[in-house]
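Below you'll find the structure, written out as structure tokens, and then a few comments.
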Amino acid sequence: MSSSNIWDDFYRLTHLSIDFPNSVNNKAAIYGNGRNQVEVMVTLRIVDKNLSPILLKENDVKEHIFLCDFFSGNDLKSGWKISDKDNGYNKVIEYIQRADSQNEKIEVMDDGFISIHKFVSCDRQDNGVVIAGGVDIPGVGKFNTSQFGTSTKNGPNGKEGNEFKNPKNITITAREPIRYSDKDNITIQTGILSEIADLNYQTFYSSNSPSSYKGKMMSSIIKILPSKETGVNNFFKEHVISYYPIKNKDISQEMHVVRSPQVFKCFSIFKEPHYPCAVIGKYQENSYQVNLWYSMNDIIDIDGFYILDDKNSNYPTKYLCNPKVKKEYIDDKNGAVNLILYKNTIPVTSNLYQQGWKDLVNNPVIKVVDSFGNEGNIELTFDNKDHFDVPAIV
0 MSSSNIWDDF YRLTHLSIDF PNSVNNKAAI YGNGRNQVEV MVTLRIVDKN
50 LSPILLKEND VKEHIFLCDF FSGNDLKSGW KISDKDNGYN KVIEYIQRAD
100 SQNEKIEVMD DGFISIHKFV SCDRQDNGVV IAGGVDIPGV GKFNTSQFGT
150 STKNGPNGKE GNEFKNPKNI TITAREPIRY SDKDNITIQT GILSEIADLN
200 YQTFYSSNSP SSYKGKMMSS IIKILPSKET GVNNFFKEHV ISYYPIKNKD
250 ISQEMHVVRS PQVFKCFSIF KEPHYPCAVI GKYQENSYQV NLWYSMNDII
300 DIDGFYILDD KNSNYPTKYL CNPKVKKEYI DDKNGAVNLI LYKNTIPVTS
350 NLYQQGWKDL VNNPVIKVVD SFGNEGNIEL TFDNKDHFDV PAIV
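Using numbering that gives the first Met the number 0, the first residue of the sequence shown is number 0, and each one after it goes up by one.
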């Protein structure tokens, strides 16, 4: 039977209601960010002249279902949007039972009932909209569950029978969106440094042959998460980390180093395809440390050398450090926002200086979206003081 023939058999609308399919309550709160949705269900039942239910299919009904303002029967006010599709941010902050509600959710028990689902969002903070459900039956007219219903006659061609009255509604409020560009809405969770490899290095004195030693390479992972105050649990739903990659040529300077191998570049440890966003050296805790900060994406390949200089020693000394490690990472866009720290450490008793290279920081910017559709850009930075091992939010 064709769709038009099904509607031609219409005799009575026996049921029309609106509910939340995922709650018995009749009020829901979402974020007014234009993405966050709440699922709404309009249920109807029609019969033919024998009072037998007409079995409708979703495709027969979907385009004829609408939502409207409960009090006026008109379209929803500005800012509120209705979609037939779940956009992936269909998640309610909370459902609430209104104190003045007299709605009772009807259990659909017999044949002929069909429910059509809509998804409602709002692009701003809003105290709320009270929504009724409706159906526009071809050749008959519009019916809805608004306060006063419609004037359409509930019968063939909309010309006979009584008006259909069944006031039912739900309420949706839109709360102020969470803006993750605000640093108060972000927390940084630090990881534990663990040793991953030896760091070979050689010392060159002005009058002696080189000596070989071992330092260590360590790593830790920091996680960037919504703060507890936001009420958003766990990780962001989506994220993208972007920065200008730092390559060897960006920080190295050409120079000749006495009594060392023929070195003309004093920093050469980064290899394709992945490069860091920050390179910083610092003396602390009886060691000289060089921090390399990466996004956890692709292969991190470190192999080469950098040179340090002990200018204060009675015996001028050069340190040729040879870090070497290669690891592959996969950035789970639906998981935690991770940055990884590679820390190169050699033991020394006094401060060293960078020989022929310099610190460089290209602030990473992280675009995040949470499971409710709230978004923001988070900019991080590093320095050789308080934010050497933990980044700061700009």
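Heads up, the beta-carbon is just placed ideally off N, CA and C, and yes, glycines get one too.
Excluding the 5 residues preceding and the 5 following residue i in the sequence, name in chain order all residues of the same chain whose CB lies nearer than 6 Å to its CB.
| i | result |
| --- | --- |
| K323 | D302 |
| Q201 | P209, S211 and L319 |
| G140 | T151 and G157 |
| I177 | N184, T229 and N373 |
| N376 | S180, V364 and K366 |
Let me know the secondary structure DSSP gives residue i once reduced to three states.
| i | result |
| --- | --- |
| P52 | strand |
| V231 | coil |
| F143 | It is Asn, not Phe, that sits at residue 143 in the sequence shown. Three-state DSSP puts N143 in a strand. |
| G127 | strand |
| K158 | coil |
| K332 | coil |
| H63 | helix |
| I5 | helix |
| E106 | Residue confidence is low: E106 scores 49 on pLDDT, short of 50, so the model does not pin down where it sits. Its coordinate-derived value is still stated next. Here E106 sits in coil by DSSP. |
| K76 | coil |
| P272 | coil |
| K384 | coil |
| K182 | helix |
| I466 | In the structure as shown, the chain begins at 0 and stops at 393. Residue 466 is therefore absent and cannot be evaluated. |
| G132 | strand |
| V360 | strand |
| V324 | strand |
| P244 | coil |
| L338 | strand |
| I95 | strand |
| T344 | strand |
| Y352 | strand |
| D68 | strand |
| K152 | strand |
| N86 | coil |
Output the boundary residues of the alpha helix (DSSP H) element that contains residue i.
| i | result |
| --- | --- |
| I250 | N247 to I250 |
| F60 | In the sequence on display, residue 60 carries Val and not Phe. Start and end: E57 to V60. |
Along the beta strand (DSSP E) that carries residue i, what are the first and last residues, could you check?
| i | result |
| --- | --- |
| W79 | W79 to S82 |
| P225 | S210 to P225 |
| N290 | S286 to S294 |
| F269 | F266 to F269 |
| H116 | I113 to C121 |
| F170 | Note that residue 170 corresponds to Thr in the displayed sequence, not to Phe. Segment I169 to R174, the beta strand (DSSP E) holding T170. |
| S193 | S193 to Y204 |
| T186 | I185 to Q188 |
| S16 | R11 to D18 |
| H238 | E237 to S241 |
| F304 | D297 to D309 |
| V278 | A277 to Q283 |
| K366 | V364 to V368 |
| V39 | V37 to V46 |
| K317 | T316 to N321 |
| Y30 | K26 to Y30 |
| I177 | Premise fails: I177 is in no beta strand (DSSP E) and is neither H nor E. |
Output needed for residue i: all residues of its chain with C-beta closer than 8 Å, excluding positions within five of it in sequence on either side, in chain order.
| i | result |
| --- | --- |
| V107 | Residue confidence is low: V107 scores 49 on pLDDT, short of 50, so the model does not pin down where it sits. Its coordinate-derived value is still stated next. Excluding residues within five positions, the ones whose Cβ falls inside 8 Å are T42 and S114. |
| I410 | Look at the range of the chain in this structure, 0 to 393, and you will see that residue 410 is not part of it. |
| Y242 | C276, S294, N361, N362, P363 and V364 |
Measure the beta-carbon distance from residue i to residue j and round it to whole angstroms, keeping in mind my assumption that it falls under 8 Å.
| i | j | result |
| --- | --- | --- |
| K158 | G148 | Contact doesn't hold; Cβ gap of about 17 Å is too wide. |
| K48 | Y10 | 5 Å |
| V364 | F381 | Contact flag wrong, Cβ pair sits at about 14 Å. |
| N290 | I279 | 5 Å |
With a threshold of 7 Å on Cβ separation, who are the neighbours of residue i within its own chain once the five nearest residues in sequence on each side are excluded?
| i | result |
| --- | --- |
| H238 | K332, V336, I365, K366 and V367 |
| K213 | D197, L198 and N199 |
| D249 | L359 |
| Q188 | I221, K222 and L224 |
Below 8 Å, can you find three or more Cβ-Cβ pairs linking the stretch 294-302 to the stretch 319-328?
They touch, by the three-pair rule.
With three or more C-beta pairs closer than 8 Å as the rule, is the stretch 69-82 touching the stretch 108-128?
In this structure the stretch 108-128 lies against the stretch 69-82, because at least three pairs of beta carbons, one per stretch, are closer than 8 Å.
With a threshold of 8 Å, are at least 3 pairs of Cβ atoms found where one atom belongs to the stretch 169-177 and the other to the stretch 21-32?
Between the stretch 169-177 and the stretch 21-32, the count of Cβ pairs shorter than 8 Å is three or higher; the stretches touch.
Below 8 Å, how does it come out for the stretch 271-289 and the stretch 226-238: are there three or more Cβ pairs, yes or no?
Too few Cβ pairs lie closer than 8 Å, so no.
Closer than 8 Å is the cut-off here; do at least three beta carbon pairs connect the stretch 179-192 with the stretch 133-148?
Taking 8 Å as the limit for Cβ pairs, the verdict is that the stretch 133-148 does not touch the stretch 179-192.
Meets three-Cβ-pair contact criterion under 8 Å: the stretch 60-77 and the stretch 128-139:
Contact holds: three or more Cβ-Cβ distances are below 8 Å.
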